[in-house]
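Engineer: Residue numbers (the numbering used here): 194 to 280.
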């Protein structure tokens, strides 16, 4: 989802070096503007937080069901980005 958000921002000539910059700009330019549904921002942040947890927490566990849900969300996010960009 991060790369989808990054690609959408790139379409507006916005490039960031850090995750936080991408997150904030995506929220500002796509969510607050009403161009995309707020759920995509929420999914982006949730996925990032889970990634951090899995990378740095010694005993982090992400269930199969949770991973499956994130994959479905990522697919929907990608499809929405494709729809948006095809306008």
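Ideal placement from N, C-alpha and C gives every residue a C-beta, glycine not left out.
(1) At 4 residues or longer, what runs of the alpha helix (DSSP H) sit wholly inside the region 213-255?
(2) If you draw a straight line from the C-alpha of residue 203 to the C-alpha of residue 235, how long is it?
(3) Using a 10 Å radius around the Cβ and a threshold of 16 neighbouring Cβ atoms, would you call residue 229 buried or exposed?
(4) Start and end of the alpha helix (DSSP H) containing residue 199?
(5) Using 10 angstroms around the beta-carbon of residue 254, count the other beta-carbons present and answer buried if the total reaches 16, otherwise exposed.
Structural biologist: According to the structure shown:
(1) 231-249
(2) Taking the straight line from one Cα to the other gives about 20 Å.
(3) Buried, since its Cβ has 16 or more Cβ neighbours within 10 Å.
(4) 195-203
(5) exposed
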